[in-house]
Each structure stands twice: as structure tokens, then as C-alpha cells.
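Everything on this sheet refers to the single structure shown next.
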Amino acid sequence: LGADLSSMLHSLGIPRDSKRHKVLYTFQSPWAETSRSEVEPRFFIPE
Amino acid sequence: TRKERYFLVFTEWVKLLQRVETDDISTLVFIRQMMEKGVLSNSDSLIEFFKAALELSVFSFKESDPTGEVFTTIDAIGKLITKLLVLQAFSDISRSEYFNIVLSVIAVVFAKDHEQKYVTFNERPHFRLLSNLLYEWEVLRGHDFIKISDNQTRRELSEFDQEFYDIFSTYLHSLQPIAFPGFSFAWVTLISHRMFLPTMLRLPKKSGWKNLMLLLIDLLNFLDTYTSKNEVSNAVSVVYKGALRVFLGISNDNPEFLIENHLEFMNNLPPSYFQLKNVILSSIPKKMMLPNPYDSNLSMEKLPACQELPEVFYDPISDSSTLKKPVDNYLRIPTNSLLRTILHGIYKTEYDIKNGVGYDLLAIDSNLVRAIVLHIGIEVGLENQKMPYSALFNAKSAYYTLLFNLIHEGTVELKYQVVQVMAEQLRYPNIHTYWFSYVLKTMLTSKDWGEQLVDIQEIILRSLLERLIVNKPHAWGISVLFSQIIRDKNINLLELPFVKNLPEIKNILAPL
Amino acid sequence: ENAAFKNPLFKDDLKYWLQSKRPLMQPYKKMPDRMKAQLESSLLNCPDSLDADSPHFYRKPLSLPHPTSIFFPSEPIRFVYPIDNVNPISVQEQQQQEQQQSPVKEQSSLNKPDDKRTEDKNIGSDENEDVYSRTSLARIFSKFDLDTLFFIFYHYQGTYEQFLAARELAKNRKWRFNKKDRRWYYKEVEKSPPGMPQGEEESWRYFDYQRSWLARRCNSEIVPTEEDFEKL
Chain A
-14 LGADLSSMLH
-4 SLGIPRDSKR
6 HKVLYTFQSP
16 WAETSRSEVE
26 PRFFIPE
Chain B
131 TRKERYFLVF
141 TEWVKLLQRV
151 ETDDISTLVF
161 IRQMMEKGVL
171 SNSDSLIEFF
181 KAALELSVFS
191 FKESDPTGEV
201 FTTIDAIGKL
211 ITKLLVLQAF
221 SDISRSEYFN
231 IVLSVIAVVF
241 AKDHEQKYVT
251 FNERPHFRLL
261 SNLLYEWEVL
271 RGHDFIKISD
281 NQTRRELSEF
291 DQEFYDIFST
301 YLHSLQPIAF
311 PGFSFAWVTL
321 ISHRMFLPTM
331 LRLPKKSGWK
341 NLMLLLIDLL
351 NFLDTYTSKN
361 EVSNAVSVVY
371 KGALRVFLGI
381 SNDNPEFLIE
391 NHLEFMNNLP
401 PSYFQLKNVI
411 LSSIPKKMML
421 PNPYDSNLSM
431 EKLPACQELP
441 EVFYDPISDS
451 STLKKPVDNY
461 LRIPTNSLLR
471 TILHGIYKTE
481 YDIKNGVGYD
491 LLAIDSNLVR
501 AIVLHIGIEV
511 GLENQKMPYS
521 ALFNAKSAYY
531 TLLFNLIHEG
541 TVELKYQVVQ
551 VMAEQLRYPN
561 IHTYWFSYVL
571 KTMLTSKDWG
581 EQLVDIQEII
591 LRSLLERLIV
601 NKPHAWGISV
611 LFSQIIRDKN
621 INLLELPFVK
631 NLPEIKNILA
641 PL
Chain C
281 ENAAFKNPLF
291 KDDLKYWLQS
301 KRPLMQPYKK
311 MPDRMKAQLE
321 SSLLNCPDSL
331 DADSPHFYRK
341 PLSLPHPTSI
351 FFPSEPIRFV
361 YPIDNVNPIS
371 VQEQQQQEQQ
381 QSPVKEQSSL
391 NKPDDKRTED
401 KNIGSDENED
411 VYSRTSLARI
421 FSKFDLDTLF
431 FIFYHYQGTY
441 EQFLAARELA
451 KNRKWRFNKK
461 DRRWYYKEVE
471 KSPPGMPQGE
481 EESWRYFDYQ
491 RSWLARRCNS
501 EIVPTEEDFE
511 KL
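Residue numbers (this note's numbering), protein chains in the order written: chain A, -14 to 32; chain B, 131 to 642; chain C, 281 to 512.
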């Protein structure tokens, strides 16, 4: 029957409002338990 | 020994990076000296040096104080590998040969460590190195390698970018959990890495999709192989939870990837993973507004979106398949002999073990059934732009009769496979969702079934219910069809014999 | 067929690699104990977000290291934002919080029937919403004053922090970076006071990082031109 995904969505940072934010660029780890800290996303500094 | 000398040279490199910034000129001088003095002058020395450096790094990871900087040496290797990717003139070997050699050394050192150490194998240093390579490359490639001042090199790297990910994906594919169970959790973390997954999803012209499909299918195959019906080991269920979360992330960021590849995913998804199935099939295009599926006066006919063709990343029945011609010929002129040919082609000569809900074996080629059903949907979608509504939404049309006859003539497992694959096409508003919901609704009350009617009704309702009794998300098309069936005056579900005999089903349907 | 493996140097270790091909050709019907043990150990060693984080190499210290008390955390504090929360909390606090609070029961955004999926927020397309907006570091930067942002920008060249400082200055504080003189400029528009003929008085300020470390008014003739500004 699967599980209620709301806490998993919450841990992914997929907001409850329908505004979509990209979550994969700051994806810390496949599991909430091992997403202990934020990770440095890709960024770009012009010359 | 030469190996010990390589240890010394590598240790010097590690110490250098602890004293100067990584773009300091002394790092270039150091690399030039390694080239001139034969440490990195040809493939053989390259292999031996990196083998020594890797073994030393993995060893030092194990020896270092876990609360300190455990990755100093590993990080130094990653930096050296990427610097060499940029700096070398690549006259005698190409960039991709170099990268292949380095990844081959990494793979072999890793495999030896994995096989020899057995349960004391620690995946983390190997993970960190591959994670660093993704990071370093991402830093380099920003704004089309604008950091590279030399134009010639910059152009070469820009061309190499695609190859970098091709080669990297090939090695990731070889490191998959079925092959290296001791690396499983690191592997799932790598394929969903923030510097890999979003890049593969968004490489120009979807050129990363094929490799990404391969890796996600490796993950599904691992789950399918080791999910047995009565018990799933704790570790496998944790892998599953990770996979579910990755798919949710993809569905949020790039739903079109799941939308256009749904066939391949359904072909490889363990049949009992209904919630993951729903996550994949509930993906909707980013710009789309979903009308409320329970709205009683919702009709797909009035929805402009239901005339749109869903994108499919490849044609399901490739020309190589033996059945493409008979199916296409049948759709032009339906004949019994063609039907026989198609039916014959669907049955397999040997059983497949399948952890299905309610079945363990499969004597038909379910992937072929899925390909035929989707192919019919694609043909209908194309015809829909030319032919009138009445020609296609018609129980006499060849499209409908082929599906009808496959079910009518088929064994109960073929009946179920065809129906549940049609249910898979009920997704967000598009012409496939619209037409297949017409077909299922028509079939549900069609008198042409004769004494098979109740069996077909049971299979259709089962194919819908199994997708709705699981936790959300639910595919929009399934919800719409089911709520229409509930309200349909031509059928009273509670009167159906298989509902009357099953109180738990009756208890679900009665309140609805 | 991997050309690299043809090299004799791979000869004695290649057997370990080839050994891994067997379960691929012929997956086990039932997971053998050896494999179960390996899977368990993989779960135990599962890499976490710190392992996946960007490697940090040596950076020239800004100033001579002044003695800090031994109680200062050596590992950089990683901030984690519970999505709705506005105050950054450290990992330790979050772990305490998690023990107390039951998992958040909230209506998932997936498939709410009247779900109105709005226009997708591509990265950077929307003025303020981009990949970084929801990270704790970016939120902390929005609390820094200009002085701190300029300090980070000019003294942490090439780092993620410099990027965030520039992003905060440009996106939220509306300053603009001039590629030519590498100064940050700010255009002030003063409405003429009511009663006077309506007009707008434009004046420019720049941050003088070389001498006074102050924001100074530009004298009227050196007004920066548009193409001098970096497109951030």
C-alpha cells in the first residue's frame, strides 16, 4: 500500500504549495536520514 | 620499489595541496615535473602511479582518525585527475582514452578492495573519489568551460563534455548493486548526485537520458531481483525508500523524463511496486493545470488537452520486432490470421518468474504486450488529428477490436496484462488517457463479451483499484475513469458477483 | 572489450573485476548470505551529505590565525533549514527537535484534486526564486549588512561564499558590479519633493573597497555605463 509521502516530500523540500522549486541541484542524499547537512550546489562566478 | 617511489611522489602532491591553493602555479610545475621525470609520461606509468596513489588513499582513509579530515588524500587524487584532463596536450593518447584508463584503474582497485575485504569493505573512499570527479567537472564546465583561458583547450573540453558523462555512466553501470552489493548505497547516492542527475536530465538534446535510463533500470532490476513476495530484507527496503525519493525528485524537477520514458520504466518496475508506479505515471507536464478528477461534470471530450499527443522518447515497437508488421497490417485490415500471428507471438516458450500480486509466473511477454498497446495508442493519437471522433472512438474500429480480441482470445493472464497496460496509459490529460479511458469504459459494459463479461469486469476493476487503494499519488486518468464508473448508471458495482463475495472490496466500494 | 584492460598491468587484478560480472549474467534466485552481509555493511557505511559535499582544499588564511578557544567547533557548522522555518538551526539542534516532534503530517503537494500547478519556476527565471533561495546560507546572507557582504565578496575570491555575497548584493540589494573598475554601484532615484515639478533625480554611489571602505557618491561626470556592468 505504500506510505504517506508527505514527510518524504517535506524532507525533499518539495513545498506543499504548488510553487515548484528545483530540488535536485541541492539534493543532499537519497535518504532523509543521511541528509544531515546542506551541500554546496553548483555555482558560477563570472571571470 | 617503483611503487614505493610512486607513494612518495603522491604524498608530496598531497602535502603540496595542503600548503598552496589548488590553482597555484606550483601545482602546474609539480605536474610538469611528474611528466618529465617519467611518473606520468605514458599509459603504463599513468596506470602504475594511479594504482599506487589509489591504494595509498584507500589505506589512509582506513587509518585516519574518523573525526578528522578523512578524505585529504582522496580529494588530492580527484584534483590531480581533473587537472590532467585539462592540462595534458593529449598528443599520444586522447582525452577519452586517458579518462578510460584512469576510471579503469579506479574500477580495478575498487573491485579488488570490494572482493578481498568482503564485509570490512568500506565504500566511502571510493564514493568520495567519484563524487569529487563529478564536482570538479561541474566546476570546470560552468558556462561552457569559460574558466579555461586557452581557446583550443576550451573547445576540446566542450566537445569532450558529453563523452565525460558517457564514460562516467558506463563505469557507474558496471558498479551497479547486483554486481557490487557492498557499494549499493554509495551507488544510489552517486546516480542521484546533485552534480550528476540534474545534469544528465538536462544535457542538450536529451543526450543524457539514455545513460540515465540504463542506470535507473539497473536500480529497478536490483529491487526486482531481491524483492521476494513474502519478505524484503531491511537493506533492500532502505534502497527502495531511496529510489522512491529520487523518483519524487525527478518527478518534481523534470517530469517530462518520466513521462516520455514511462514504457521503459514499466517494463522494469517490480510488479508489486504500485506506489512507485503511481509516482512515475502521475507525473504531469510542468505547465499543465490538472482539472479536479472527481468533478462530476468533467468530461475529457471537452478538454483541449485531451487532444494532445503525449511525447514518447522512442517508438515502442521498433522495426526489429517481428510483430510490428502483423499489428500494423491488422490495424489497416483486421483479419483472423493476423490475430493468430499476434497472439502466437505474445506467448513465451518458457515461464518468467514474476513477483506479481496474485501470480508468480508469466507465460506471456508482458513487455511486448505493453509495446503493442502503446503502439496502438500512438497510432490512434496520430489518426485523431486526421479522422473524425466517431471513427476512432468506436467499438468497430480496428484499434478497439485488436485490443478486444487479444483480451477475448487470451488466457486470463493475457487478459490482465492487456487491461493493466491500458490502465497504465491513463495519466495526465492527453489523447492516450482519453482514448484508453473510452476503451475501458466501453469494455466494462460491452455485451460482446458473452459469458466472459463478469471476468472482464473483474479484471478491469482490479486494474483500477490496485492503483487507487495505495497511498497517493494517484494518476489523474485513473481517478477520472474510476469516478465516472462509480456514477455510471449502466453498471452497479455492488451487484457484481465478485464484489458481493468479497466483503473487503465491498466495504471499499460501498461508501464510494 | 574495454581497451584499457588490455594493458598487461591490469592482468593480476582483473579477475576481481570479472568476478563481478557473474551475478549480472546469472542473478541469484535468492540473495546468498555473503551478498546479504555485503549489503548490510554497505548500509552501515552509507555515505552521507558530508561525504557528498564539495572537497575543500587549502585556502590562504585571511589573517594570522588568532587563538580561538578549544571549545569552538572545528568542523564548520552545517546549517539545515526545515523548509518553513525562518531561523537556521545547527544539525545538533535539529536532531533534538526531530526527537521531540512527530514527523510533519502535512498535505502532500502531490495530486491535491484542485491542485493548481502554476508556471514552473525555472532556475533564476523568477526574480527571487532560484536554487539558492532555499538554502540556509543564502538566507543567512540576506541578514548580513552591506559591509559584511562587501568584505566576503572582496576577501573570499572564488568561493561559494563570494558567489552568495554577489548574489545577495545584486538580486536583493540591487547593487551592480562594474567589470571595469571592479566596484559595486548603486543607483539612487530620488523623487523630487511634492509641490516641485515631478521629476526623478538619479544619483549613483559606489563602494570604495580600495581606500575608504565606504560607499561614496559618484561625482556627476563618471556615471557608469550599462555595458560596464556584469550580467549577474
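The beta-carbon is built from N, C-alpha and C at its ideal position, and this holds for glycine as well.
When the options are compared against residue i, the one with the closest alpha-carbon
i: Y643 (chain B); options: B:F352, B:R597, B:P328, B:S609; result: Outside the shown range of chain B (131 to 642) lies residue 643 (chain B), about which nothing can therefore be said.
i: Y444 (chain B); options: B:F523, B:W339, B:D490, B:A237; result: B:W339
i: S500 (chain C); options: C:W493, C:S413, C:F509, C:Y486; result: C:Y486
i: I608 (chain B); options: B:N384, B:A182, B:L595; result: B:L595
i: N485 (chain B); options: B:I414, B:R162, B:Y403, B:S412; result: B:Y403
i: G475 (chain B); options: B:D495, B:N466, B:T250, B:Y460; result: B:D495
i: K417 (chain B); options: A:R5, A:S22, A:L9; result: A:R5
i: P26 (chain A); options: C:K459, C:L324, C:P335; result: C:P335
i: P0 (chain A); options: B:D383, B:Y529, B:S527; result: B:D383
i: A605 (chain B); options: B:E554, B:L624, B:P641; result: B:E554
i: I483 (chain B); options: B:L287, B:V144, B:K133, B:K359; result: B:K359
i: Y434 (chain C); options: C:I420, C:L449, C:K423, C:S422; result: C:L449
i: L(-3) (chain A); options: A:E32, A:F12, A:T19, A:F28; result: A:F12
Where residue i falls: helix, strand or coil (DSSP)
i: A605 (chain B); result: coil
i: P334 (chain B); result: helix
i: F351 (chain C); result: coil
i: K467 (chain C); result: strand
i: A284 (chain C); result: helix
i: Y301 (chain B); result: helix
i: Q379 (chain C); result: Confidence at Q379 (chain C) is low in this model, with a pLDDT of 49, below 50, so its placement is unreliable and the value that follows should be read with caution. Reduced to three states, the DSSP call for Q379 (chain C) is helix.
i: I483 (chain B); result: strand
i: P328 (chain B); result: helix
i: F29 (chain A); result: coil
i: F189 (chain B); result: helix
i: F395 (chain B); result: helix
i: F251 (chain B); result: coil
i: F443 (chain C); result: helix
i: R135 (chain B); result: helix
i: F509 (chain C); result: strand
i: H6 (chain A); result: coil
i: D458 (chain B); result: helix
i: V169 (chain B); result: coil
i: Y424 (chain B); result: coil
i: T563 (chain B); result: helix
i: K392 (chain C); result: With a pLDDT of 37 at K392 (chain C), under the threshold of 50, the predicted position of this residue should be treated as unreliable, though the coordinate-derived value follows. Correct three-state label for K392 (chain C): coil.
i: G507 (chain B); result: helix
i: V150 (chain B); result: coil
N- and C-terminal bounds of the beta strand (DSSP E) containing residue i
i: F457 (chain C); result: 456 to 458
i: L492 (chain B); result: 491 to 494
i: D354 (chain B); result: D354 (chain B) -> not in any beta strand (DSSP E); alpha helix (DSSP H) instead, spanning 339 to 355.
i: D488 (chain C); result: 480 to 488
i: L494 (chain C); result: 494 to 497
Start-to-end residues for the alpha helix (DSSP H) that takes in residue i
i: A553 (chain B); result: 542 to 554
i: H474 (chain B); result: 466 to 476
i: S322 (chain C); result: 313 to 324
i: D585 (chain B); result: 583 to 598
i: F315 (chain B); result: 314 to 321
i: Y305 (chain C); result: This sequence places Met at residue 305 (chain C); Tyr is not what is there. Start and end: 302 to 305.
i: Y296 (chain C); result: 291 to 299
i: H538 (chain B); result: 528 to 539
Distance between beta carbons of residue j and residue i, contact taken as under 8 Å
i: N514 (chain B); j: I561 (chain B); result: 5 Å
i: T261 (chain B); j: D328 (chain C); result: Residue identity check: residue 261 (chain B) is Ser in the sequence provided, not Thr. Going by Cβ atoms, the distance from S261 (chain B) to D328 (chain C) rounds to 11 Å, so no, they are not a contact pair.
i: S173 (chain B); j: N282 (chain C); result: Actually they do not touch by this definition, with Cβ atoms about 13 Å apart.
i: Q299 (chain C); j: E245 (chain B); result: 6 Å
i: L186 (chain B); j: F220 (chain B); result: 26 Å between Cβ atoms; not a contact.
i: L349 (chain B); j: A316 (chain B); result: Not really, about 13 Å apart at Cβ, beyond 8 Å.
Query raised in the report: Mind listing which residues of the stretch 247 to 279 of chain B have their C-beta closer than 7 Å to chain A's C-betas, in chain order?
Result: E268, G272, H273, I276
Report task. Can you give me, in chain order, the residues of the stretch 567 to 595 of chain B that have a beta carbon less than 9 Å from any beta carbon in chain C? Result -> none
**Report entry** Residues, ordered as in the chain, of the stretch 18 to 32 of chain A that lie near chain B by beta-carbon distance below 7 Å
**Finding:** Cβ contacts with chain B: V24, P26, R27, F29, E32.
Query raised in the report: Taking a cut of 8 Å between CB atoms, which residues from the stretch 319 to 335 of chain B lie near chain C?
Result: Of all residues in the stretch 319 to 335 of chain B, T319, H323, R324 have a Cβ within less than 8 Å of some Cβ in chain C.
Requested in this report: With 7 Å as the C-beta to C-beta threshold (strictly closer), list the residues of the stretch 330 to 357 of chain C near chain B in chain order.
Outcome: Within the stretch 330 to 357 of chain C, the qualifying residues are D331, A332, S334, P335, F337, Y338, R339, K340.
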